[in-house]
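All remarks here apply to the structure that follows.
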Amino acid sequence: MPKVLRSVVTAVGGYLPEQVVSNDDLAKFVDTSDEWIRERTGIQQRHKVRDDEPVSDLAVAAARVALERAGKTPDDVDLIIVATTTPDLTFPATAAIVQRKLGCPVGIAFDVQAVCSGFVYALSVADGFVARGRSKCALVIGADAMTRLMDWNDRGTCVLFGDGAGAVVVEPMEGEGTADDRGLIGFALRCDGTKQDLLYVDGGASTDGRIGHLRMQGNQVFRHAVVNISEAINSAAADAGIDVAAVDWFIPHQANLRILQGVAHRCGIDEDKVVTTVMHHANTSAASIPLAMNAAVEDGRIQPGHLLLLEAMGGGLTWGACVVRL
Ligand code: UT7
10 MPKVLRSVVT AVGGYLPEQV VSNDDLAKFV DTSDEWIRER TGIQQRHKVR DDEPVSDLAV
70 AAARVALERA GKTPDDVDLI IVATTTPDLT FPATAAIVQR KLGCPVGIAF DVQAVCSGFV
130 YALSVADGFV ARGRSKCALV IGADAMTRLM DWNDRGTCVL FGDGAGAVVV EPMEGEGTAD
190 DRGLIGFALR CDGTKQDLLY VDGGASTDGR IGHLRMQGNQ VFRHAVVNIS EAINSAAADA
250 GIDVAAVDWF IPHQANLRIL QGVAHRCGID EDKVVTTVMH HANTSAASIP LAMNAAVEDG
310 RIQPGHLLLL EAMGGGLTWG ACVVRL
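Using this note's numbering, you'd call the opening residue of the sequence shown number 10 and step up by one each time.
Below, the structure written as structure tokens:
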């Protein structure tokens, strides 16, 4: 059988800002309670950036960990894709800033904007370079400081989000073209722009010139997530040629414990295969999947050769899933 080039995730890293904000901390200035937040979302705490801490700093910290674990240096990196909704500046891309801060040579660097689905979208974009031999060492980073977009008077949203970054190193390797290959072996990406009003930020460079605040019709997003993510998961599994029941670890976007458990249940995934970090990180948008991967690699659950199923949903509305064999 002819060999095919696969995009293989060779390492993961993560970074969380130092400051931890508990539910009780929020209840001091918002009409909410620790009990309500835990019961409805599973969230117990979130990390928050300092005022002088741009998202590129989070991304660089996560990338350094991933590069070291991959045995790579910034000199090796020829492609940087940052999935973010909270860039340092309107331009240049945060990826270009990360390239400068890491000291990588001149290569390709750009951002992907698919909000909470950004990491899955960015992996697919990276696959287009790596699996065609156009990148030998790619950094794919999900980094967000969603606390910068909060309306702190809106209890329906401000308790849900946190800040952080996760990064993976992706390298080309030859495979057999089967589901047993290492690498990014299946994708399903979706967007339904007619659902914009359910989740968006009410400001922008080409409209009112403001950064704006996040607005969400939470219960409608919730319903959309549980129903539609299952379809994307099954499509990604079919694309990879695997059975969903065969995955070792399910690594969902961490928005709400009830959503990720509901999706796992609908897809017939055992509860003990679900990686959950939402309790400690809250919803870190594009960072949530690589941060969850990082947590499960660090505690030894995820091992080389394991089959991972990633899924996410966010503003757009965008959603998608990806099957990865490590
Ligand atoms: O990453 C992007 C994707 N985003 C998501 O996946 C988020 C999806 N949505 C959700 O996670 C849930 O819908 C929420 C956690 C946002 C809300 O939970 P819910 O069970 O759907 O509650 P709800 O919006 O229907 O609100 C129920 C009640 C309301 O009060 P009334 O009208 O019943 O009196 C809200 O005002 O809960 C109230 N409420 C709160 N109470 C205390 C809403 N937020 C809070 C709060 N503290 N923080």
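Cβ atoms here follow ideal geometry from the backbone N, Cα and C, with glycine treated the same way.
- Every beta strand (DSSP E) stretch that sits fully inside the segment 189-250 and reaches 3 residues is listed by chain position as 192-200, 208-210 and 223-225.
- One alpha carbon belongs to R164, the other to D87, and they sit about 42 Å apart.
- H222 has its Cβ no nearer than 7 Å to any heavy atom of the ligand UT7.
- By the criterion of a C-beta distance shorter than 6 Å, S144 is surrounded in its chain by D87, L88 and F138, once the five residues flanking it on both sides are discounted.
- Contact annotation, A305 with V284: C-beta distance approximately 5 Å; criterion of less than 8 Å satisfied.
- In chain order, V210, D211 and G212 place their CB closer than 6 Å to the CB of G221, counting only its own chain and leaving out the 5 sequence neighbours on each side.
- Along the length of the segment 50-132, whole beta strand (DSSP E) runs at least 3 residues long occupy 54-57, 88-92 and 117-121, reported in chain order.
- Here E77 is exposed. Its C-beta has fewer than 16 other C-beta atoms within 10 Å.
- Look at Q28 here: in three-state DSSP terms it is strand.
- Around the CB of Q263, 16 or more other CB atoms lie within 10 Å, so the residue is classed as buried.
- Secondary structure of A305 (DSSP, three-state): helix.
- Taking C-beta atoms under 8 Å as the contact rule, G175 and A296 qualify, at a distance of about 5 Å.
- If you compare the alpha carbons of A321, G325, A234 and D189 with that of P313, the shortest gap goes to D189.
- Residue state for E320 is assigned as strand, using DSSP reduced to three classes.
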